[in-house]
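*Asks:* In terms of mature numbering (1 follows the signal peptide of the UniProt record, and there is no 0), the sequence shown is residues -29 to -1, 1 to 48.
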Amino acid sequence: MMGRSMPMFATLVILLMVLFATEMKPAEARSCESASQRFNGYCVRSSNCASICSTEGFTDGKCKGTIRRHCTCIRNC
């Protein structure tokens, strides 16, 4: 009897490992971006951009661009 239960136990363990390895992750909301209407000047700190964006009704803001850095506001679509 011991000879038959070991392969079944091993199969069960492998199935459980596969099940937990492929567990579905929660869906993330899509982000929408828009240039800030109130931010003036060159964007250096994303924290400053985020605080201006919050006054515009957005949830976050980041400095984007390489040469012309501008404040981009972010919200869930």
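Yeah, the Cβ is synthetic: ideal placement off N, Cα and C, and Gly gets one too.
A quick note: this is a predicted structure, and the numbers were derived from the prediction, not measured.
Pull up the DSSP beta-bridge partners for R46, would you.
*Replies:* In the DSSP output, where bridge partners are listed per residue, R46 has C3.
*Asks:* Run the CB neighbour count on G36, radius 10 Å, all protein chains shown included, and call it buried at 16 or more, exposed below.
*Replies:* G36 comes out exposed.
*Asks:* From C42 to R1, what does the alpha carbon distance come to, in whole angstroms?
*Replies:* For C42 and R1, the distance between alpha carbons rounds to 19 Å.
*Asks:* Should G12 and C24 be called a contact, given that it needs their Cβ atoms to be closer than 8 Å?
*Replies:* No; because the gap between Cβ atoms is not below 8 Å, this pair is not in contact.
*Asks:* Buried or exposed for C3, going by 16 or more other Cβ atoms inside 10 Å?
*Replies:* Under this definition C3 is an exposed residue.
*Asks:* Quick check on M(-24) - is its C-beta less than 8 Å from some C-beta in chain B?
*Replies:* No chain B is part of this structure, which consists of one protein chain only.
*Asks:* So, under 8 Å CB-CB, C44 and S5 are touching, yes? Tell me the CB distance rounded to an integer number of Å.
*Replies:* About 5 Å; that satisfies the 8 Å criterion.
*Asks:* If distances are taken between C-alpha atoms only, which option among R40, C34 and R46 comes closest to E27?
*Replies:* Ranking the options by Cα distance to E27, first place goes to R46.
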